[in-house]
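Going by our numbering, the first residue of the sequence shown is number 46, and it counts up by one from there.
Report on the structure given below.
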Amino acid sequence: MEQYIEFPVENVVLRGVLHRPEKRAGSGSAPAIVLCHGFCGTKVGLHRIFVKAARTFAQAGYAVLRFDFSGCGDSDGEHGETTLERQVREARRAVETVAALPGIDPKRITLLGLSQGGCVAALAAPSLPFLEQVVLWAPVARPWNDITGLLGRELTERALRNGWADFGGYAIGRTYLESLRKPDPVEAIRHVPVPLLVIHGTGDQEITWENTCKYHVSRKVAGLGHLTNTILVTGADHTFSSHEWEQLVFSQTLSWLQGESRREHGDCEAPRCAVVL
46 MEQYIEFPVE
56 NVVLRGVLHR
66 PEKRAGSGSA
76 PAIVLCHGFC
86 GTKVGLHRIF
96 VKAARTFAQA
106 GYAVLRFDFS
116 GCGDSDGEHG
126 ETTLERQVRE
136 ARRAVETVAA
146 LPGIDPKRIT
156 LLGLSQGGCV
166 AALAAPSLPF
176 LEQVVLWAPV
186 ARPWNDITGL
196 LGRELTERAL
206 RNGWADFGGY
216 AIGRTYLESL
226 RKPDPVEAIR
236 HVPVPLLVIH
246 GTGDQEITWE
256 NTCKYHVSRK
266 VAGLGHLTNT
276 ILVTGADHTF
286 SSHEWEQLVF
296 SQTLSWLQGE
306 SRREHGDCEA
316 PRCAVVL
């Protein structure tokens, strides 16, 4: 079942779609996944990746929320007024909203983000102590360098000078750019002692796969290597834009989520390591 959902965050209303799994007798409350889209994105995603992911996960028994950050998609607000810190607060509120819904197990919630949404998820996770797991797809690791690299020097300087600049119809505000300077998602994820899965394509020309290595090394140094899995998808681009790559990401994510759940309940043991597919 898919249903429209909206929830307030500060002075705006965010909107999304909640996918619920089919009810099964004796199944109890469902685990949930909250999806965070990327830079200038929406809850649909390029090649409908979030729609397809949500439906895949719902068929496997998960409730899934995909929502639009403020200034994106169907949500209130203007894109030129957003900041990275604001998106972190919105992601936090999305998780809290899902945790409070009937039929959801509040102790079995996964936060999943793609690209800048991965950065947001990493930054939000330390303030969500009840999260069960975190999943990052092609995550931004250095917000200022990664995003201004996408925008280009000329547009970045114009936005900083004039207060905003046009990027394919999206207003990129000076305040947003300035908000990218200090946050460090790689440092933040060191303080989240729950299982982490990072998936990245080796052919990503927008946010290179070395970002995933930063997350992996950071966790290992923090003593969380045993809770960290990294998967590199050979040749895949930034949004896994082929049917094969997409299905591989979905299946690997789902397999990992289900495996972590079994390990949590002591049903199996499996090594956690970097894998190249």
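A virtual CB, placed ideally from N, CA and C, is assigned to each residue, including glycine.
Closest Cα partner of residue 47 within the set 292, 96, 232 and 130 | Checked all of 292, 96, 232 and 130; the closest Cα to residue 47 is 96.
Name the two residues that bound the continuous beta strand (DSSP E) containing residue 98.
-> Here residue 98 belongs to no beta strand (DSSP E); instead the alpha helix (DSSP H) covers 94 to 104.
Limits of the unbroken beta strand (DSSP E) element including residue 273 | Counting along the chain, the unbroken beta strand (DSSP E) around residue 273 starts and ends at 273 to 278.
In angstroms with no decimal places, state the Cα-to-Cα distance between residue 292 and residue 262.
-> Taking the straight line from one Cα to the other gives about 27 Å.
Rounded C-alpha distance that separates residue 189 from residue 222 = Looking at the backbone, the Cα of residue 189 and that of residue 222 are separated by about 7 Å.
Does residue 146 come within less than 9 Å of chain B when only Cβ atoms are used?
-> Absent from the structure: chain B. Only one protein chain is present.
Nearest candidate by alpha-carbon position, reference residue 73, set 152, 121 and 86 = Nearest neighbour of residue 73 by Cα position, chosen from 152, 121 and 86, turns out to be 152.
Secondary structure at residue 234, three-state DSSP: helix, strand or coil?
-> Residue state, collapsed to three classes: helix.
Host beta strand (DSSP E) of residue 141 (start-end) | Per DSSP, residue 141 belongs to no beta strand (DSSP E); it is in the alpha helix (DSSP H), 129 to 144.
Which word fits residue 174, buried or exposed, when buried means at least 16 other C-beta atoms lie within 10 angstroms of its C-beta?
-> When all chains shown are included, residue 174 counts as exposed.
Grab the span of the beta strand (DSSP E) containing residue 81 for me, first residue to last.
-> Its beta strand (DSSP E) spans residues 75 to 81.
Rounded Cβ spacing between residue 278 and residue 294 (contact assumed at less than 8 Å) = Contact flag correct, Cβ pair sits at about 7 Å.
If you run the structure through DSSP and keep just helix, strand and coil, what is residue 228?
-> In the structure shown, residue 228 falls within a coil segment according to DSSP collapsed to helix, strand and coil.
Residue range of the alpha helix (DSSP H) that includes residue 192 = Per DSSP, the continuous alpha helix (DSSP H) segment holding residue 192 begins and ends at 188 to 196.
Neighbourhood of residue 117 by C-beta, 6 Å cutoff - its chain only, sequence neighbours within 5 removed = Closer than 6 Å at the Cβ level, and outside the excluded window around residue 117, lie 87.
Residues bridged to residue 47 (per DSSP) | Per DSSP, the beta-bridge partners of residue 47 are 64.
Between which two residues does the beta strand (DSSP E) harbouring residue 155 extend?
-> Where residue 155 is concerned, the enclosing beta strand (DSSP E) stretches over 149 to 159.
Does the Cβ of residue 98 have 16 or more other Cβ atoms within 10 Å, making it buried, or fewer, making it exposed?
-> Buried, since its Cβ has 16 or more Cβ neighbours within 10 Å.
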